[in-house]
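Asker:
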Amino acid sequence: MGGESVDRFDKLEIRCPRLGHELTFAYCRREGGDLPCPRVIQCWEAFFPVEKHLRESLRPGDWERFAAQAPQDKRVSLFDLIEQARARVRNGEGTSRG
Numbered sequence: 726m727g728g729e730s731v732d733r734f735d736k737l738e739i740r741c742p743r744l745g746h747e748l749t750f751a752y753c754r755r756e757g758g759d760l761p762c763p764r765v766i767q768c769w770e771a772f773f774p775v776e777k778h779l780r781e782s783l784r785p786g787d788w789e790r791f792a793a794q795a796p797q798d799k800r801v802s803l804f805d806l807i808e809q810a811r812a813r814v815r816n817g818e819g820t821s822r823g
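Under my numbering, the first residue of the sequence shown is numbered 726, with each subsequent residue one higher.
1) Closer than 7 Å by C-beta to residue 780: which residues in its own chain qualify, once you throw out the five before and the five after it? Chain order, please.
2) With DSSP collapsed to three states, give me the class of residue 740.
3) Are the stretch 766–776 and the stretch 735–749 touching by the rule of at least three beta carbon pairs closer than 8 Å?
4) Report the rounded CA-to-CA distance for residue 733 versus residue 804, giving the unit in angstroms.
5) If you draw a straight line from the C-alpha of residue 756 to the C-alpha of residue 743, how long is it?
6) Helix, strand or coil for residue 779? Go by DSSP, reduced to three states.
7) Helix, strand or coil: how does DSSP classify residue 789 here?
Right under this line is the structure:
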């Protein structure tokens, strides 16, 4: 990695489109536990070569797992939430009927 630190961009901040507030790259780099947020490249590519940085800093297997996950479109996320709510109602959860 050319002797540069894995965490050299960690203090940079942007507004997260998913969560709606300021976050550091450090959070985005580990948002998925051991993997970066699926949207990290989209969000950070205007600020530094984030894909190159991730390819160099992630282990090859982790890069493959990260690259295989696709960020969800907002519509897909919304449809998933609607389906989850419908399932809860069908299962009798989340209703206040007496």
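The C-beta atom is built at its ideal place from N, Cα and C for all residues, glycine as well.
Just so it is clear, the structure is predicted and the values come from calculations on it, not from any experiment.
Answerer: In short:
1) 788
2) strand
3) yes
4) 37 Å
5) Residue 756 and residue 743 have their C-alpha atoms spaced approximately 12 Å apart.
6) helix
7) Taken through DSSP and simplified to helix, strand or coil, residue 789 comes out as helix.
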